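Here is the structure we will look at.
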Amino acid sequence: MINKIADSMAQAFEGIQDGASVMIGGFGTAGIPHELIDGLIAQGARDLTVVNNNAGNGDTGLAALLQAGRVKKIICSFPRQADSHVFDALYRSGKIELELVPQGNLAERIRAAGAGIGAFFTPTGYGTPLALNADGTPKETRFLDGKHQVLEFPIHADVALIKAEAGDRWGNLVYRKAARNFGPVMAMAAKRTIATVHHVVALGQLDPESIVTPGIFVSHIVQIDHKATLGGGFKPSA
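Note that the sequence shown ends on residue 257 in my numbering; no numbers are left out.
Here it is as structure tokens:
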């Protein structure tokens, strides 16, 4: 019998190794799998490469993972905002590596990994430092469809941590509004996906036409309680 509902957070994280690449869903503060990030901190894996839209808010979630010294590199599109002080301090002191990726390119590189695409060309980033490799050499470019375009490669991961609204024991998932963001493409791009859900429903209760992430892309489901999403990225009012 297929049953992907984990007995505990610890069970869901068994086997994650030091040096793993980890995708973490979320856009701003919507859809961040806080409980899974806390579970990863408790699990103890180090020297991680994290893929996320930003570099953490405040002192919780991804920021807490960074503060714990578990991340050696972050791949993201928006590393600095009013409350990204943890990342800022680590980056300025040379304790973390940053790969900056335009947001559309980030989403497409993740999607390409899940779709089995070897590489793709995009005009985004052409003529800027983002069209250079990490060693400073230029990325391959071509003139296509009347535009100069840059060759970009997929981003794969060992593990994806995502937040959904509901799921069943087969691992099928549905999301709530903006909390959907990067979850579906990350689930497809990772070798292993761990998802939190607020509701575990019986098989057949989810309308097949409404399922966003099929269970084939999900390894474990962890049920969590509802908590209000707090705003982030804003300077505190005077």
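Just so you know, even glycine gets a beta-carbon here, dropped at the ideal spot from N, CA and C. What you are looking at is a predicted structure, and each value in this text was computed from that prediction instead of being measured.
Residue range of the alpha helix (DSSP H) that includes residue i
i: D107; result: 104-111
i: L151; result: Note, L151: premise wrong, no alpha helix (DSSP H); not H, not E.
Which of helix, strand or coil DSSP assigns to residue i
i: K196; result: helix
i: E54; result: helix
i: R188; result: coil
i: I128; result: Note on identity: in this sequence residue 128 is Arg, with Ile being the wrong assignment. R128 falls in the helix class under three-state DSSP.
i: P203; result: helix
i: Q30; result: helix
i: I136; result: coil
i: I24; result: strand
i: A49; result: strand
i: I213; result: strand
i: P255; result: Only weak support is given to the placement of P255: the predicted model assigns it a pLDDT of 49, under 50, and the question is left unresolved by the model.
i: P157; result: strand
Rounded separation between residue i and residue j - CA only
i: A198; j: K182; result: 7 Å
i: P121; j: I93; result: 14 Å
i: A31; j: R111; result: 34 Å
i: V90; j: H167; result: 35 Å
i: L151; j: T160; result: 10 Å
i: A25; j: G144; result: 41 Å
i: L55; j: P227; result: 26 Å
i: N22; j: E171; result: 37 Å
i: H245; j: Y194; result: 13 Å
i: G63; j: T156; result: 35 Å
i: T232; j: L192; result: 5 Å
i: D187; j: A29; result: 20 Å
i: S229; j: G34; result: 32 Å
i: F140; j: G123; result: 12 Å
i: A214; j: I136; result: 24 Å
i: R99; j: K196; result: 25 Å
i: I243; j: L149; result: 39 Å
i: K114; j: D164; result: 41 Å
i: V294; j: V69; result: Residue 294 cannot be examined here, being either before or after the span of the chain that is shown, 20 to 257.
i: H239; j: L119; result: 30 Å
i: Q86; j: K158; result: 33 Å
Span of the beta strand (DSSP E) around residue i
i: M42; result: 40-43
i: Q168; result: 166-171
i: F140; result: 139-141
i: L180; result: 176-182
i: H239; result: 239-242
i: L119; result: 116-119
i: F162; result: 160-163
i: K246; result: No beta strand (DSSP E) contains K246, which DSSP labels as neither H nor E.
i: I93; result: 90-95
Below 8 Å, how does it come out for the stretch 215-233 and the stretch 61-81: are there three or more Cβ pairs, yes or no? no
Pairing CB atoms from the stretch 95-114 with CB atoms from the stretch 62-74, are three or more of them under 8 Å? yes
So within the stretch 58-84, which uninterrupted beta strand (DSSP E) runs reach at least 3 residues, ignoring any that extend past its ends? 67-70
Under 8 Å, with one C-beta from each stretch per pair, do the stretch 171-179 and the stretch 125-135 reach the 3-pair mark? yes
Kindly confirm or deny that the stretch 35-42 and the stretch 190-210 touch, where touching means at least three C-beta pairs closer than 8 Å. yes
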